[in-house]
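When we follow the UniProt record's numbering, the leftmost residue of the sequence shown carries the number 1, and every step to the right adds one.
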Amino acid sequence: MAAPADPKQRSIPFSTHARGVPLFDRTRFFDLPRHVARMLLDLRDISSSLFWFLTVQTWLTLWSFLITLISVVFFSFYTVNDKELSAPLDWVLICFVAVLPSVGFLWIAYMRRERALDELAKVRVLMLGIFTAHRDWVPAVARPPGHMQAVQEAMAIIVDAMQAYFTPVRFYSRWYPYFGYRTAMVHIALERTRQMRRISSSMEQLEAATLALHGSSVAPQLIAQLHDRALQLQLAIQRMANIKEYRTPQGVRSLCRFFLLFFLLPPILDHIPHAVLNTPSPPPPPIPLQGVRSLCRFFLLFFLPVFFGPYWSWVHVQTNFAFAFFFSILLQIAVTGLVNATIALEDPFANNAMDGVFIEEALYEVEQLVGAPPPDLEGMPSTHIGGPAAEGAAPAVAAAVAAAAGGRQASSPFAAVSRSAPAPLSPSKTAPPAADTV
Numbered sequence: 001m002a003a004p005a006d007p008k009q010r011s012i013p014f015s016t017h018a019r020g021v022p023l024f025d026r027t028r029f030f031d032l033p034r035h036v037a038r039m040l041l042d043l044r045d046i047s048s049s050l051f052w053f054l055t056v057q058t059w060l061t062l063w064s065f066l067i068t069l070i071s072v073v074f075f076s077f078y079t080v081n082d083k084e085l086s087a088p089l090d091w092v093l094i095c096f097v098a099v100l101p102s103v104g105f106l107w108i109a110y111m112r113r114e115r116a117l118d119e120l121a122k123v124r125v126l127m128l129g130i131f132t133a134h135r136d137w138v139p140a141v142a143r144p145p146g147h148m149q150a151v152q153e154a155m156a157i158i159v160d161a162m163q164a165y166f167t168p169v170r171f172y173s174r175w176y177p178y179f180g181y182r183t184a185m186v187h188i189a190l191e192r193t194r195q196m197r198r199i200s201s202s203m204e205q206l207e208a209a210t211l212a213l214h215g216s217s218v219a220p221q222l223i224a225q226l227h228d229r230a231l232q233l234q235l236a237i238q239r240m241a242n243i244k245e246y247r248t249p250q251g252v253r254s255l256c257r258f259f260l261l262f263f264l265l266p267p268i269l270d271h272i273p274h275a276v277l278n279t280p281s282p283p284p285p286p287i288p289l290q291g292v293r294s295l296c297r298f299f300l301l302f303f304l305p306v307f308f309g310p311y312w313s314w315v316h317v318q319t320n321f322a323f324a325f326f327f328s329i330l331l332q333i334a335v336t337g338l339v340n341a342t343i344a345l346e347d348p349f350a351n352n353a354m355d356g357v358f359i360e361e362a363l364y365e366v367e368q369l370v371g372a373p374p375p376d377l378e379g380m381p382s383t384h385i386g387g388p389a390a391e392g393a394a395p396a397v398a399a400a401v402a403a404a405a406g407g408r409q410a411s412s413p414f415a416a417v418s419r420s421a422p423a424p425l426s427p428s429k430t431a432p433p434a435a436d437t438v
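And the structure:
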């Protein structure tokens, strides 16, 4: 048997393909079955992309289609002083007005999703690390009574509360007074508060369980590391909650409609000859700071059809009305689908959206490790360490628990918590709307 090669005598790994040199393999080049399979896969991808393009269309697409139709017909056949309201537009300006905002909105939405994935991965790793640290760092004979049961129960409640908190779709202000959504929003607010309260109580139980390890064989540095892990876990969950609850700023969303309607539109009209319009260019009025989702709808429904109306009229003059009509509708539907996909991604935890983050799947390994939460009414931590239910508990553990609770036995994270729970939300109120979910 040959002796293993000395690692110091190995040559430096070097990849020419990674440095831009194309990889050419004559066997792969003449592999006809492989090329046929790749061609069929590409055809499947094209078909699925068409399917998803149709899937992202909502009732907003219909209204956008109708307004675009009216705009194209008006600018194509209406004349002022026997002159058509047509004007060629610079394609750089067209891309800046139509493509850049849509791509920017989509980039913002995907950045929210990436931040949600980062925080969820951090939560998963921290929960596994905290549980294994409490299980493996301290021998079973040296643990305080009920220690692992308390940690396991707290983490099971955190997993269950996260699933209940992040999965439901939130209702928004434009639904508030209609169709009973006002009552649904109140119930969701109560349920949201209850789930966050469960998470906070469980985090307090984890902190107290860490304090109970003082005086054991665990080094103080490792106990400090456990405290830091619990703090990082709570911070990551709070960041996920901020992503769930807060959208792009309402002021910016609402400002867009005024910004596009009053601020951008007059300079754009300056590109059209005043002899055609037969009206002076008015100065833009003040922009009220009310405020990208509301703007997106106004941008699609009113600004783009009016802005491109003179251009489609010019296309009608240069070619024919059918070409201008179908090309305008195609562009409008494409931009509307892009904005719909962006809006659907604003809540990355909604599992009914495309490319959503599924909490239950991500936390499945943690759930299998720690088990199910306690089947009590509140789902609050109830395991006692050093309390009345743990007979023979060490006095040092009880003192650590009392110190963690600040001397308040009623709020001790290891004591049974009894709080009034809000009425559960009926399934009919938690179900998301069928069409537009924003």
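Where is the CB? At the ideal position from N, CA and C, for every residue including glycine. This one's a predicted model, so the numbers in the text were calculated from it and none came from an experiment.
| Asked | Found |
| --- | --- |
| Those runs of the alpha helix (DSSP H) which lie wholly inside the stretch 132–175 and span at least 4 residues | 147–166 |
| For Arg124 and Val366, believed in contact at Cβ under 8 Å, the rounded distance | 6 Å |
| Pro310 - containing alpha helix (DSSP H), residue span | 304–318 |
| Outcome for Ser47 when other beta-carbon atoms lying within 10 angstroms are tallied against a minimum of 16 | exposed |
| As assigned by DSSP and simplified to three states, the class of Glu84 | strand |
| Where the alpha helix (DSSP H) containing residue 441 begins and where it ends | Only positions 1 to 438 of the chain appear in this structure, which leaves residue 441 out of reach. |
| Whether Ser86 touches Ser76 by CB criterion (9 Å) | yes |
| Pro144 versus Arg135: straight-line alpha-carbon distance, rounded | 12 Å |
| Gln163 versus Leu43: straight-line alpha-carbon distance, rounded | 38 Å |
| Simplified DSSP state of Thr58, which is helix, strand or coil | coil |
| Closest by C-alpha distance to Met155, when choosing among Gly146, Val138, Leu128, Asp355 | Leu128 |
| The stretch 67–84 in contact with the stretch 196–207 per 3-pair CB rule at 8 Å | no |
| Length of the line joining the Cα atoms of Leu211 and Arg115 | 32 Å |
| 8 Å CB neighbourhood of Arg170 in its chain, flanking five on each side removed | Ile188, Lys244, Glu245, Asp347 |
| Short Cβ contact (9 Å threshold) for Ala219 with Val151 | no |
| Local Cβ density within 10 Å of Ala230, reported as buried at 16 or more and exposed below that | buried |
| Where the alpha helix (DSSP H) through Leu345 begins and ends | Unbroken run through Leu345: none, as it is neither H nor E. |
| Proximity below 9 Å, CB of Pro305 to CB of Thr58 | no |
| 8 Å contact criterion, which Val72 and Phe323 should meet: CB distance rounded | Going by Cβ atoms, the distance from Val72 to Phe323 rounds to 11 Å, so no, they are not a contact pair. |
| Residue of Gln232, Val357, Tyr311, Val370 minimising C-alpha distance to Phe74 | Tyr311 |
| Opposing strand residues paired with Thr79 [DSSP bridges] | Glu84 |
| Residues near His227 in its chain [Cβ-Cβ closer than 6 Å; skip 5 each side] | Thr210 |
| Boundaries of the alpha helix (DSSP H) in which Val99 is found, first to last residue | Neither: Val99 is in no alpha helix (DSSP H) and is coded neither H nor E. |
| Residue range of the alpha helix (DSSP H) that includes Leu363 | Taken as a continuous stretch (DSSP letters only), Leu363 belongs to no alpha helix (DSSP H), as it is neither H nor E. |
| Reduced DSSP secondary structure (H/G/I, E/B, other) of Leu89 | coil |
| Check whether Glu119 and Met240 have beta carbons under 9 Å apart | yes |
| Residue from Met39, Leu66, Asp45 with nearest C-alpha to Ser328 | Leu66 |
| Glu153 classed as buried or exposed, judged by whether at least 16 other C-beta atoms fall within 10 angstroms | buried |
| Cβ-Cβ distance between Val370 and Phe166 below 9 Å | no |
| Rounded Cβ spacing between Leu330 and Arg112 (contact assumed at less than 8 Å) | No, Leu330 and Arg112 are not in contact; Cβ-Cβ is about 29 Å, not under 8 Å. |
| 9 Å Cβ cutoff met for Leu50 and Trp314 | no |
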